[in-house]
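S.K.: Okay, here's the structure, questions in a sec.
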Amino acid sequence: MLDEQLVQQLQQGHREAFTTLVSKWQHKIYTFCYRQLGEQALSEEATQDVFVKVFTSIQSFRGDAKFSTWLYRIATNHCINLRAKYHRRKRQHHDSFEDVEQRIGVTENPLDKLETQDFEQQLQQALDQLPEEHRLLLILRDIQDCTYEEIADITNLTMGTIKSRIHRARKNLRTILERGDHE
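Quick note, the sequence shown lines up with residues 12 to 194 if you use my numbering.
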């Protein structure tokens, strides 16, 4: 079923449509929040908060933009607010072995697990060093696979601004990763 149909059903009071929307979008929104926030527990909480906001605000959704655009805009604003609140002081997060195994999945070779974990950690630390405006656009484009048009709708930025910031973000991210300057 299309998002627009589910939204209409939800606006008419059919709560099962909300369950379907959550099932369809929760992994993408969690991944988006995780890349923005860099912490598993905070990202899980943020994902729940985003869907609570969707549920309580669904009547205000007019359909001028796609549901996904509206959803990412809510997630973007929520993550910006959380980063401002929780990341003023840099906190070190130590994952338990179970958290790491759950996040990277089970592989045959323990060395593959460590390499995957190490790269994920390096990537997240490098993303955290990018300016907010670059990190957000890079996550939307390269991790969430949003089109430039969708990004423009979500951020209210011009296409030229988006493309130049993404170009700079990729360049900066590459530099950080190559220097090993991501801790």
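Glycine included, each C-beta is placed from N, C-alpha and C at the ideal position.
Just the C-alpha distance for D156 and G24, rounded to the nearest angstrom, thanks.
M.R.: Roughly 31 angstroms between the two C-alpha positions.
S.K.: Count the other CB atoms within 10 Å of the CB of S34; is the residue buried (16 or more) or exposed (fewer)?
M.R.: exposed
S.K.: Does DSSP classify L13 as helix, strand or coil?
M.R.: coil
S.K.: Taking all protein chains shown into account, do 16 or more other C-beta atoms lie within 10 angstroms of the C-beta of I3, making it buried, or fewer, making it exposed?
M.R.: In the structure as shown, the chain begins at 12 and stops at 194. Residue 3 is therefore absent and cannot be evaluated.
S.K.: Are E15 and G74 close, meaning C-beta to C-beta below 8 angstroms?
M.R.: Taking 8 angstroms as the Cβ cut-off, E15 and G74 qualify as a contacting pair.
S.K.: Once DSSP output is grouped into helix, strand and coil, what is the label at F66?
M.R.: helix
S.K.: Can you give me the C-alpha to C-alpha distance between I150 and Q135, rounded to a whole angstrom?
M.R.: 11 angstroms
S.K.: With L17 and L48 assumed to form a contact (beta carbons below 8 angstroms), what rounded beta-carbon distance in angstroms separates them?
M.R.: Not a contact, Cβ separation roughly 27 angstroms.
S.K.: Exposed or buried, what is T186 when buried is set at 16 or more other beta-carbons lying within 10 Å of its beta-carbon?
M.R.: exposed
S.K.: E56: which of F66, Y45, V65 sits nearest, CA to CA?
M.R.: Y45
S.K.: In angstroms with no decimal places, state the Cα-to-Cα distance between L188 and E144.
M.R.: Distance between the alpha carbons of L188 and E144: 19 angstroms.
S.K.: Does the beta-carbon of L53 have 16 or more other beta-carbons within 10 angstroms, so that it is buried, or is it exposed?
M.R.: Burial call: buried.
S.K.: At which residues does the alpha helix (DSSP H) containing T186 begin and terminate?
M.R.: Note, T186: alpha helix (DSSP H), 170 to 190.
S.K.: Within 10 angstroms of its Cβ, does M12 collect 16 or more other Cβ (buried), or is it exposed?
M.R.: exposed
S.K.: D153 by DSSP, collapsed to three states: which one?
M.R.: helix
S.K.: Rounded to whole angstroms, what is the Cα-Cα separation between T118 and D139?
M.R.: With a pLDDT of only 49 at T118, under 50, the local geometry of the prediction cannot be trusted, and no value is derived from it.
S.K.: Excluding the 5 residues preceding and the 5 following Y83 in the sequence, name in chain order all residues of the same chain whose CB lies nearer than 6 angstroms to its CB.
M.R.: I165
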